[in-house]
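**Student:** In the working numbering, the protein residues as written are 76 to 232. Submitted below is the structure of interest, expressed as structure tokens.
As structure tokens, then:
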């Protein structure tokens with residue numbers, strides 16, 4: 076989304092719940108906390124990358140352009156956002172299974188992307204910088220919760 080929130084402390088792996096409630100056990104809701112920003116298990120670098128990706132991609136600045144696309148595994152969510160002028164196209168695949176790697180064929184909406192079925196297009200994975208050269212709508216992805224629980228692709232023409 077163009078806006079999102081991260082519960083304070085969650086980026087450091089602080090996510091233990093108060094039993095029987097929707098509250099977090101060590102929240103800052105009622106007290107001031109001093110967090111160890113370098114403790115093991117944090118995701119602060121991922122949050123920083125995600126914020127950079129959001130800033131650099133105008134398609135992610137709008138709420139009304141979100142579309143969901145087929146992923147042939149019920150544990151993989153695939154969606155995208157495209158600017159009206161098609162200058163910025165971003166697609167996201169997310170593994171919803173926190174315990175197992177998943178492989179899925181996802182279907183890029185070539186017609187919406189103004190890409191012919193026989194045309195090659197480049198997809199840059201924005202977390203790693205890896206560039207893929209793909210042809211056709213169906214592409215196989217592997218998402219591992221320990222390595223890459225999600226992949227964010229910017230399409231280059």
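Where is the CB? At the ideal position from N, CA and C, for every residue including glycine.
For residue 96, which residues does DSSP report across the bridge?
**Tutor:** Locating residue 96 in the chain shown gives position 21, counting from the first residue. DSSP lists no partner for residue 96.
**Student:** Kindly provide the ranges of any beta strand (DSSP E) runs that are 3 or more residues long and lie completely inside the region 172–202, ordered along the chain.
**Tutor:** Qualifying beta strand (DSSP E) stretches, in chain order: 177–182, 195–200.
**Student:** Mind checking whether residue 180 and residue 169 have CB atoms under 8 angstroms apart?
**Tutor:** Here residue 180 corresponds to residue number 105 of the chain shown, with the count starting at 1. Here residue 169 corresponds to residue number 94 of the chain shown, with the count starting at 1. No; because the gap between Cβ atoms is not below 8 angstroms, this pair is not in contact.
**Student:** For residue 200 and residue 228, which I take to be in contact (beta-carbon distance under 8 angstroms), what is that distance rounded to the nearest angstrom?
**Tutor:** One-based indexing of the chain shown puts residue 200 at position 125. One-based indexing of the chain shown puts residue 228 at position 153. The pair is a contact, with the Cβ atoms about 6 angstroms apart (cut-off 8 angstroms).
**Student:** Going by C-alpha distance, which of 163, 147, 220, 174 is nearest residue 212?
**Tutor:** Residue mapping note: residue 212 aligns to position 137 of the chain shown, counting from 1. Of 163, 147, 220, 174, the residue nearest in Cα terms is 147.
**Student:** What is the DSSP secondary structure of residue 61, counted as helix, strand or coil?
**Tutor:** Any property of residue 61 remains undetermined from this structure, which presents the chain solely from 76 to 232.
**Student:** Determine the closest residue to residue 161 out of 177, 184, 176, with distance taken between C-alpha atoms.
**Tutor:** The residue you call residue 161 lines up with position 86 of the chain shown. It is 184.
**Student:** If you check the beta carbons only, do residue 93 and residue 100 fall under 8 angstroms apart?
**Tutor:** On the chain shown, position 18 is the one that residue 93 refers to. On the chain shown, position 25 is the one that residue 100 refers to. Yes; because the gap between Cβ atoms is below 8 angstroms, this pair is in contact.
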